[in-house]
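Encoded as structure tokens, the structure appears first; notes follow it.
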Amino acid sequence: MALKIGIVGMGGIGNVHAGVYMNDPLSEVVAVCDIIKERADAAAQKYGCPAFYSVKEMLASGIHLDACSMCTAGKENGGDHYLPTMELLEGGIPVLGEKPISNEVEKGREMVALAKKKNLPYAVNLNHRFTPAAIKAREWVDSGRLGKLHIMNMTMWINNPNETSEHFHIRALHPHSIDVMRYFCGPVKSVHAFFMKGKGRTIWSNVQVNMHFENDVVGHLTGSYDAGGTFGLERCEVVGSEGRFVLEEACEVLTWYDRRSPQKETYVNLGGMTNFGQTFQSRLHKWLEQLTEGVKPEAVDGSGADALAAQEIIEAAIKSFHTHTVVDLKA
Ligand SMILES: NC(=O)c1ccc[n+]([C@@H]2O[C@H](COP(=O)([O-])OP(=O)(O)OC[C@H]3O[C@@H](n4cnc5c(N)ncnc54)[C@H](O)[C@@H]3O)[C@@H](O)[C@H]2O)c1
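Below is the structure:
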């Protein structure tokens, strides 16, 4: 039977989630919620379900919800996530939140702790890892095709002229890139970063971060809000003792380079995925599949804990820059 889904925050992304749930046979949209009445009402009309103007009101209505998407935004695109997420988790509802988990890492810790206490599945839309190309590359890592992992290089950059706060760029964009780095190489133990303000900018819109992973991989992230256009979106390379792969634009081109053979292996648009927009379908479908199968909270793919781990690395990078030190993450 289709899962009954509520959506909180009916801006652009809440409506993207709604469209995906409407088209997925595993789900139906049964409630929409926004503190802006017109947004909730418009969505209710579009998706044929009741509108609510607060999470409290939605929960008090007694409507049956198998899970909710949490698509608010706020400061650094994450400032509004905490309260409604805590309300949903307190109400016993599994949550798929948007990234960043929160722009304030302490609040992210509380959200993950509450989900754990309540034994509830809690996921975040870390959609860049949910592409057929990323999944194939991860299979290569898991099967030992790369040999011992040595190096990871990640670039993620877009054009975003917003000047909302000094660390908006790393807090809002790099939950994605860092999650992909962790997806392939595991937990990070130490971080060192430099930031710079791009031409005409008042915020730290460019960053270079070095990471030392727990498995000793040495990794590097290049990030920018002064890119876009012909620069593309992202490039990810993992290098091992036996070979390396390069994954371009999240899903578009995956290439295997054997260390000792000139023969390359290239996959273009694996699984028929051609653009980043389609990652919402693949990510939400995985969440629905996991819920349908009765996933254990600790087995959620792209979990709140994964999103929190990325945010801890982000805060360590900021601290590293402002203290001119290497910052160790707590084990
Ligand atoms: N995963 C991705 O690829 C991706 C891409 C873009 C944006 N995002 C994320 O999606 C989120 C939403 O972005 P957006 O552009 O749709 O934002 P938006 O500002 O357009 O919409 C957010 C909505 O949430 C509502 N809201 C705020 N607090 C609320 C509350 N307590 N209860 C109910 N509604 C509340 C607001 O009124 C607003 O309508 C952000 O966190 C952003 O970082 C993710």
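My numbering puts the first residue of the sequence shown at 2, with every later residue one more than the last.
We put the CB at the ideal spot given by N, CA and C, even for glycine.
| Does ligand 1 have even one heavy atom less than 8 angstroms from the beta-carbon of L84? | yes
| task | From the DSSP output, in three-state form, read off H325 for me. | result | coil
| task | On a CA-only basis, which of K137, P298 and I8 is nearest N270? Give me that one, please. | result | K137
| query | Among the residues of its own chain, which have a CB less than 8 angstroms from the CB of K287, if the five just before and after it don't count? | reply | F131, D302 and G303
| task | Kindly list the residues whose CB is nearer than 6 angstroms to the CB of I319, restricted to its own chain and excluding five residues on each side of it in sequence; keep chain order. | result | H168
| task | In the DSSP assignment, find the alpha helix (DSSP H) that holds M112 and state where it starts and stops. | result | V106 to K119
| Contact between the segment 52-59 and the segment 21-40 (3+ Cβ pairs under 8 angstroms) | yes
| field | Distance cut-off 8 angstroms: C50 Cβ against heavy atoms of ligand 1 | value | no
| said: I'd like the list of long-range same chain contacts for R40, defined as Cβ closer than 6 angstroms, with 5 residues on each side in sequence excluded. | reply: M11
| request: Consult DSSP for H65 and reduce its assignment to one of helix, strand or coil. | output: coil
| the segment 255-272 touching the segment 185-203, judged by at least three CB pairs closer than 8 angstroms | no
| request: Could you check the C-alpha separation between M71 and N211 for me, to the nearest Å? | output: 31 angstroms
| field | Boundaries of the beta strand (DSSP E) in which D259 is found, first to last residue | value | V254 to D259
| With which residues is I6 paired in a DSSP beta bridge? | V30 and A68
| said: So, with DSSP's three-state summary, where would you put W158? | reply: strand
| query | Hey, out of I171, G148 and K149, whose CA is closest to M157's CA? | reply | I171
| said: Rounded to whole angstroms, what is the Cα-Cα separation between P298 and G93? | reply: 13 angstroms
| message | Taking the straight line between their C-alpha atoms, what separation do you get for A300 and K200? | response | 43 angstroms
| task | With hydrogens ignored, establish whether the beta-carbon of S191 is closer than 8 angstroms to any heavy atom of ligand 1. | result | no
| So who's on the other strand from M209, going by DSSP bridges? | Just to set this straight, residue 209 is Gln in the shown sequence, not Met. DSSP output for Q209 lists F195 and T223 as bridge partner(s).
| When you compare each of D25, I14, S62 and V17 to A32 by their alpha carbons, which one comes out closest? | S62
| request: Any chance you could list the alpha helix (DSSP H) runs of at least 4 consecutive residues sitting entirely within the segment 260-305, in chain order? | output: 280-293
| said: What does the Cβ neighbour count give for S144, buried or exposed, with the cut at 16 atoms within 10 Å? | reply: exposed
| request: Return yes when the C-beta of R130 is under 8 angstroms from any heavy atom of ligand 1, and no when it is not. | output: no
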